[in-house]
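Colleague: Got a structure for you, written out below as structure tokens; questions coming shortly.
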């Protein structure tokens, strides 16, 4: 009987007993991954442990959601499509949609790519048209400004510089000495 009490249970539904302060994922591997980040220079052991444990909880949640979808189809094996389904249906996994997308046939992937390329080309054409319209509007505004102020243009041509009406008045008037103060 003593040997039965010391052997671990082989039930697949029960979680293995954890010793406090230990993780299933090796902390050294997580520390190595964190060190690859150029923004983080030093990380202490407690923070590394927290990241490791949070990773385990996250993976457990993702696998549990995948298993739920497999169980709904009366399977015990989790397939990629189960994880992809979980990612697309659970809001918390939304950030993984690019990492674990639904699978598609090559034909549909090529069609999707073609549509994306066509959309990008249409967007570029629209941007070019908008730029051309803006340039035309700017040119029309310059022409209108020249027709509204022909004196400015004439004085600019004579002096070689752009002058304002106030500058024209001061250049055409004679200079008088300032009045003497008592």
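Residue numbers (full-length UniProt numbering): 1 to 182. All C-beta atoms, glycine included, are put in the ideal place defined by N, C-alpha and C. Note that this is a predicted model, so its numbers are computed, not measured.
#1: Look at the alpha carbon of residue 42 and the alpha carbon of residue 33, and state the distance between them as a whole number of angstroms.
#2: With C-beta atoms as the reference, is residue 56 less than 8 Å away from residue 25?
#3: Give me the Cα-Cα distance between residue 127 and residue 121, rounded to the nearest whole angstrom.
#4: In or out: residue 93 buried (at least 16 other Cβ within 10 Å) or exposed?
#5: Tell me whether residue 262 sits in a helix, a strand or coil according to DSSP, three-state version.
#6: Starting from the C-beta of residue 100, find all residues in its chain whose C-beta is less than 7 Å away, skip the five residues before and the five after it, and write them out in chain order.
#7: Where does the unbroken alpha helix (DSSP H) through residue 92 begin, and where does it stop?
#8: Could you work out which residue in 115, 51, 113 and 76 is closest to residue 29 when comparing CA atoms only?
#9: On the three-state DSSP scale, how would you describe residue 17?
#10: Answer with buried or exposed for residue 62, where buried requires no fewer than 16 other C-beta atoms within 10 angstroms of its C-beta.
#11: When DSSP labels each residue in this structure, what does residue 118 get in the three-state scheme?
#12: Starting from residue 30 and walking both ways along the alpha helix (DSSP H), at which residues does that stretch end?
Modeller: Looking at the coordinates:
#1: Locating residue 42 in the chain shown gives position 42, where the first residue counts as 1. Locating residue 33 in the chain shown gives position 33, where the first residue counts as 1. The straight-line gap from Cα to Cα measures roughly 12 Å.
#2: Along the chain shown, one-based indexing puts residue 56 at 56. Along the chain shown, one-based indexing puts residue 25 at 25. Going by C-beta atoms, residue 56 is nearer than 8 Å to residue 25.
#3: Counting from 1 along the chain shown, the entry for residue 127 is found at position 127. Counting from 1 along the chain shown, the entry for residue 121 is found at position 121. Between residue 127 and residue 121, the C-alpha separation is close to 10 Å.
#4: The residue you call residue 93 lines up with position 93 of the chain shown. The residue in question, residue 93, is buried, as its Cβ has 16 or more Cβ neighbours within 10 Å.
#5: Because the chain is modelled from 1 through 182, residue 262 falls outside the range shown and cannot be assessed.
#6: To locate residue 100, count along the chain shown from 1; it is residue 100. 83, 84 and 87.
#7: Within the chain shown, numbered from 1, the residue matching residue 92 stands at position 92. Residue 92 -> no alpha helix (DSSP H), and no H or E assigned at all.
#8: Position 29 of the chain shown, counted from the start, is the residue given in the question as residue 29. Answer by Cα proximity: 51.
#9: Translated into the one-based positions of the chain shown, residue 17 becomes position 17. Residue state, collapsed to three classes: coil.
#10: Counting from 1 along the chain shown, the entry for residue 62 is found at position 62. Buried.
#11: Position 118 of the chain shown, counted from the start, is the residue given in the question as residue 118. Residue state, collapsed to three classes: helix.
#12: Within the chain shown, the letter at position 30 stands for residue 30. It spans 27 to 35 - the alpha helix (DSSP H) in which residue 30 sits, taken as one unbroken run.
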